[in-house]
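Throughout, our numbering is defined as the position within the sequence shown, counted from one, plus 1312.
Heads up: the structure comes next, in structure tokens.
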Amino acid sequence: MRLRTHLISLVFAALVPVIVFSAISLNNLREAQRTALLNSIRETARATTLIIDREFSGVRSALRVLATSEALKDGNYRHFYEQAKIANLAADGWVILYGEDGQQIISTRVPFGTQLPKRAVNLDDFARIKSDGELHVSNLTWGVHIQRHVILVDSLVTVGSRRYVLTQALPQDYFNRAFAGRGIKSSWVVAIFDRAGNTLARSHGAREFVGKKANADTVNAIQTGFEGVLRHTIRGDIEVYDVFTQSSLADWTVAIGAPVEEIDSAVRHALWVTVLGLLTAVLLASTVAWIVGRRILHAVNGAVQAANGLGKGRAVQAIPSSGVAEMNELNATLVEASHTLEQEKASRQAAEAERNRLLLSEQAARRFAEEQNKAKDQFLAMLGHELRNPLAAIISAIDILDMAGDTAMSERARRIISRQGEHLTHIVDDLLDVSRVLSGKVLLNRQPLDLTAMVGQCMGTLQSTGRARNHSMALSAAKPVWIEADATRIEQIVNNLLDNAIKYTPEGGNIEVDVQAGEHDAVLAVTDTGIGISAELLPNIFDVFVQGERSLDRAKGGLGIGLALVRQLTELHGGSIACTSNGAGQGSTFMARFPLTQAKRSARTANDAAGRNQTCTVVLIDDHDDARDMTAGMLEKHGFQVIALSDGEQGIAACLSGGADIALVDIGMPKMDGYEIARRIRSMQQQHRIRLIALTGYGSQEDRQRSLDAEFDAHLTKPLTIGKFNEALRSLKLMQP
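This is the structure we're talking about:
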């Protein structure tokens, strides 16, 4: 007997017991399926009763709230009428308040003060609710005075010695809404009946059946309190399963009817699916046996052919899997042996390809490194040029000062030193700021700021220092424009835009500055009549190290980071910056936008006039002789008494002597740094607490935090100016604003 025949016999031997057992189980499956379908109908009925109970719970809660009304206690029926209108749950329902004699006192169905009748129906129920005090839900009741069916929910209310019946009247179709959007099958009928068997709501045919009596079987089930499944015939010859359940609050009955044929059809469908499944299993098993046998035979034949081919030196192709582990291992061994040489060849080819890839990668990396090195060299050359210009001017001015004689020339040399020193400071600040902004380390100190005033202040500074003496500069703004911003960073933005306009506008050119308040933004526009911007450069004008020229003379100067810094700082404030130009020689316009704010309060700047404390004594601790001498001279010139020391131990002793108000401490000293000095002073102070101010070249947020951790009162960055120092004193309450 062939292998395939053995496999088929094995499959049939395994399936026969399964078929017999399945036949025995089919009958049980049919009943279980019918029970499951009826249970699903029962769950729908229970869900409907929960909706009814939820509605009556809402009515009960509303009536209880009305029962505690102060207006009812005070007998203020007009006010109680307004409260009842608000508490009414149904848009087309109403609330009624009855006296003990059944006389209506108020009814929200009619205006307050309308003559109202006594209760005309269900007087027995009315008397019962008055006696036992429970919530009572009526059957479907015909309202004589309103000439339509209603449902009345009564509740006893006792206020002192007075007794009332508070009633919520609901229209007959109120509960028909319980079926809205529930997706009830068209073949099912869900109905709600009162205790007398009257139809209150119906999922299908509501107009025809609501208000009418149910059939005899249904009425009998309702009156006997039946809950379960009733199989009976309705409307002539339609046989249905009716599932009954009761509402706990209203004592109403919910019935769901489903055709017997529909349920039995679903059961038959499930049985047929099972039978077809069994037949499919038999067919599938036979097919699998045939396929597996064929694959095994094919694998055996393939192994024979592979062995023959291997013996003759031919390559062996992959043999399909048979599903038998031993056959697969044999075939795999044959295939592996025949492909050894091909794998070695492929390995050599892969190694060659990898070498080529590495070579290309190395060449690309080398080109990138060369480009980066070139960019670095260009930037360092640019930086060297920018630093040499002010340094040359400073050195020349110092030579002039060394020569005795011409006072006017000496004064001019001093101005050159001051101006070029500020230029060097500006270069260093821009380098540090662009690094901090790009790394996300700049934190803004936002306060209400008048942008117009800030622009005017910056323009005034440029004109007073002579920076704009060869240009016509005008501000076409008169009204304050308020933004929420960091004053220092806004000043930096404005100064960079103005400096850029001056740098690229020939002498005699015009620079117009405009500040306007738009609908949502404050708009700062700087327009010049300068050399303009080419179309090629315009998209990259705000990139770092981008400039309009790269000539050797570098007449315009700058590192190409000012506009990049402007864009980053503007975007940090939630604004935007844009540039337009008609091309070379056509001038340019830079327009910055900032979010407006409604807050308006005057902001004090570092340049505001301030009174000085002429008796303030400052201990200056700095190991750098020139820096210490110049700082001491500046402070003494502005009225401060200065004790200048180069040693940390001497500085600590001077601070602890009690004769000084402020200690200005350099951080970077060799033997004992400023942080250690501050910690030792704080640890040894008893009563007099001297104010400590850190002085350093580092101004990041981490550096400021480190100063605060060492118990410094303030943190200033080099170079120190009298404006910065006075601003620190004002913040420490040591100088009047």
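For every residue, glycine included, the Cβ atom is placed at its ideal position computed from N, Cα and C.
Quiz item: Where do the N-terminal and C-terminal ends of the beta strand (DSSP E) with H1461 fall, by residue?
Solution: The sequence position of residue 1461 within the sequence shown is 149, counting from 1. Residues R1460 to V1471.
Quiz item: Going by Cα to Cα distance, which pick from N1451, T1470, F1424 and L1401 is closest to D1386?
Solution: As a first step, residue 1386 is located in the sequence shown; it is residue number 74 there, counting from the start. Out of N1451, T1470, F1424 and L1401, T1470 has the C-alpha closest to the C-alpha of D1386.
Self-check item: Cβ shell of S1419 (< 7 Å), same chain only, five flanking positions each side left out
Solution: Looking up residue 1419 in the sequence shown gives position 107. For S1419, where only same-chain residues beyond five positions count, the Cβ hits under 7 Å are W1406, I1408 and L1428.
Practice problem: Compute the Euclidean distance between the alpha carbons of E1367 and P1329, then round it to the nearest angstrom. | Solution: Looking up residue 1367 in the sequence shown gives position 55. Looking up residue 1329 in the sequence shown gives position 17. Roughly 56 Å between the two C-alpha positions.
Quiz item: At a cut-off of 6 Å, is D1563 close to the ligand SAM when judged by its beta-carbon and the heavy atoms of the ligand?
Solution: In the structure on display, the ligand SAM does not appear, and there are no ligands present to speak of.
Quiz item: CA-CA distance, D1811 and G1768?
Solution: In the sequence shown, counting from the first residue as 1, residue 1811 sits at position 499. In the sequence shown, counting from the first residue as 1, residue 1768 sits at position 456. Spanning the two alpha carbons is a distance of roughly 14 Å.
Practice problem: Tell me whether V1522 is buried or exposed, calling it buried when 16 or more other Cβ atoms sit within 10 Å of its Cβ. | Solution: Stepping through the sequence shown from its first residue, residue 1522 is reached at position 210. So V1522 ends up on the buried side.
Quiz item: Who are the near neighbours of R1991 in its chain, counting only those whose CB is closer than 8 Å to its CB and skipping five residues on each side?
Solution: What you label residue 1991 is simply residue 679 of the sequence shown in a count that begins at 1. Same-chain partners within the cutoff: A2022 and E2023.
Quiz item: In three-state terms, what does DSSP make of I1993?
Solution: Sequence index remark: in the sequence shown, residue 1993 carries index 681 (1-based). DSSP places I1993 in helix when its eight states are reduced to three.
Practice problem: For the alpha helix (DSSP H) holding H1391, just list the boundary residues, first then last. | Solution: Here residue 1391 is taken as the residue at index 79 of the sequence shown, counted from 1. Y1389 to A1399 is the extent of the alpha helix (DSSP H) around H1391.
Quiz item: Between G1842 and H1950, what straight-line distance do the alpha-carbon atoms span, to the nearest angstrom?
Solution: Walking along the sequence shown from the start, residue 1842 turns up at place 530. Walking along the sequence shown from the start, residue 1950 turns up at place 638. Whole-angstrom Cα-Cα distance: 41 Å.
Quiz item: Using a Cβ-Cβ cut-off of 7 Å (strictly less than) and excluding sequence neighbours within five positions of A1847, which residues of its own chain qualify?
Solution: Position 535 of the sequence shown, counted from the start, is the residue given in the question as residue 1847. Closer than 7 Å at the Cβ level, and outside the excluded window around A1847, lie G1895.
Practice problem: Could you work out which residue in F1952, L1968, Q1953 and D2025 is closest to Y1987 when comparing CA atoms only? | Solution: As a first step, residue 1987 is located in the sequence shown; it is residue number 675 there, counting from the start. With distances taken between Cα atoms, Y1987 lies closest to D2025.
Quiz item: Using 8 Å as the Cβ pair cut-off and three pairs as the minimum, do the segment 1805 to 1820 and the segment 1765 to 1784 touch?
Solution: yes
Practice problem: Spatial neighbours of M1984 within its chain, please: CB distance less than 8 Å, with the 5 preceding and 5 following residues excluded, ordered by chain position. | Solution: Numbered from 1 along the sequence shown, position 672 holds the residue referred to as residue 1984. Closer than 8 Å at the Cβ level, and outside the excluded window around M1984, lie G1960 and E1961.
Quiz item: Distance, Cα to Cα, F1556 vs Q1459?
Solution: To locate residue 1556, count along the sequence shown from 1; it is residue 244. To locate residue 1459, count along the sequence shown from 1; it is residue 147. Spanning the two alpha carbons is a distance of roughly 31 Å.
Quiz prompt | Per-residue DSSP class, three states only, for G1414 | solution = On the sequence shown, position 102 is the one that residue 1414 refers to. Note: G1414 maps to coil in three-state DSSP.
Quiz item: Based on Cα-Cα distance, which residue from G1411, Q1558 and L1447 lies nearest to R1358?
Solution: Position 46 of the sequence shown holds residue 1358. Ranking G1411, Q1558 and L1447 by Cα distance to R1358 puts Q1558 first.
Self-check item: DSSP state of H1581 mapped onto helix, strand, coil
Solution: Taking the sequence shown and counting its residues from 1, the one referred to as residue 1581 is at position 269. Residue state, collapsed to three classes: helix.
Quiz item: Can the beta-carbon of C1928 be found closer than 7 Å to that of D1978?
Solution: Within the sequence shown, numbered from 1, the residue matching residue 1928 stands at position 616. Within the sequence shown, numbered from 1, the residue matching residue 1978 stands at position 666. Not in contact: C1928 and D1978 (Cβ atoms no closer than 7 Å).
Practice problem: Spell out the partners DSSP gives H1448 in its beta bridges. | Solution: Start at 1 with the first residue of the sequence shown, and residue 1448 comes out as number 136. DSSP output for H1448 lists D1466 as bridge partner(s).
Quiz prompt | Nearest-angstrom beta carbon gap, L2044 and R2003 [assumed within contact, 8 Å] | solution = Within the sequence shown, numbered from 1, the residue matching residue 2003 stands at position 691. Within the sequence shown, numbered from 1, the residue matching residue 2044 stands at position 732. Indeed, because the Cβ distance is near 6 Å, the residues count as touching under 8 Å.
Quiz item: Whole-angstrom Cβ separation of T2053 and G1509, contact assumed at under 8 Å?
Solution: No information on residue 2053 is available, as it lies outside the stretch 1313 to 2049 that the chain covers here.
Practice problem: Note the first and the last residue of the continuous alpha helix (DSSP H) segment covering Q1775. | Solution: Your numbering for residue 1775 matches position 463 in the sequence shown. That run of the alpha helix (DSSP H) goes L1763 to S1776.
Quiz item: Mind pulling the beta strand (DSSP E) runs of 3 or more residues that sit fully within the segment 1811 to 1899?
Solution: 1822 to 1829, 1833 to 1840 and 1888 to 1892
Quiz item: Looking only at its own chain, which residues have a Cβ that is under 7 Å from the Cβ of A1765, when we skip the five neighbours before and after it?
Solution: Here the question's residue 1765 lines up with position 453 in the sequence shown. Same-chain partners within the cutoff: P1792.
Quiz prompt | Of the residues E1394, T2008 and V1462, the one placed nearest E1382, counting alpha carbons only | solution = Locating residue 1382 in the sequence shown gives position 70, counting from the first residue. It is E1394 whose Cα lies nearest to the Cα of E1382.
Practice problem: Determine the extent of the alpha helix (DSSP H) in which M1946 is found, giving its start and end residues. | Solution: Working through the sequence shown from its first residue, we reach residue 1946 at position 634. Residues D1937 to K1949.
Practice problem: Going by CA-CA distance only, name the one from T1909, I1845, I1608 and R1475 that's closest to D1413. | Solution: On the sequence shown, residue 1413 is found 101 positions in, with the first residue counted as 1. That would be R1475, whose Cα lies nearest to the Cα of D1413.
Quiz prompt | Identity of the residue in R1801, H1516 and H1581 nearest I1568 by Cα | solution = Counting from 1 along the sequence shown, the entry for residue 1568 is found at position 256. With distances taken between Cα atoms, I1568 lies closest to H1516.
Practice problem: If I'm right that L1976 touches L1932 with Cβ under 8 Å, what's the distance once you round it to whole angstroms? | Solution: If you number the sequence shown from 1, residue 1976 lands on position 664. If you number the sequence shown from 1, residue 1932 lands on position 620. Indeed, because the Cβ distance is near 5 Å, the residues count as touching under 8 Å.
Quiz prompt | Sequence-distant residues of its chain with Cβ nearer than 7 Å to F1538 (five each side left out) | solution = Residue mapping note: residue 1538 aligns to position 226 of the sequence shown, counting from 1. The residues are F1556.
Quiz item: Can you tell which of A2040, N1527, R1346 and G1830 has its C-alpha closest to the C-alpha of I2005?
Solution: On the sequence shown, position 693 is the one that residue 2005 refers to. That would be A2040, whose Cα lies nearest to the Cα of I2005.
Practice problem: May I have the straight-line CA-CA distance separating F1952 from L2046, to the nearest angstrom? | Solution: For the purposes of this step, residue 1952 is taken as residue 640 along the sequence shown, with counting starting at 1. For the purposes of this step, residue 2046 is taken as residue 734 along the sequence shown, with counting starting at 1. For F1952 and L2046, the distance between alpha carbons rounds to 12 Å.
Quiz prompt | Cutoff 8 Å; reference R1879; Cβ partners in own chain excluding five residues on either side | solution = Here residue 1879 refers to the residue found at position 567 of the sequence shown. Taken in chain order, the residues that qualify are F1854 and I1889.
Self-check item: 7 Å Cβ cutoff met for G1370 and L1350
Solution: Locating residue 1370 in the sequence shown gives position 58, where the first residue counts as 1. Locating residue 1350 in the sequence shown gives position 38, where the first residue counts as 1. Cβ distance not < 7 Å, so G1370 and L1350 don't count as in contact.
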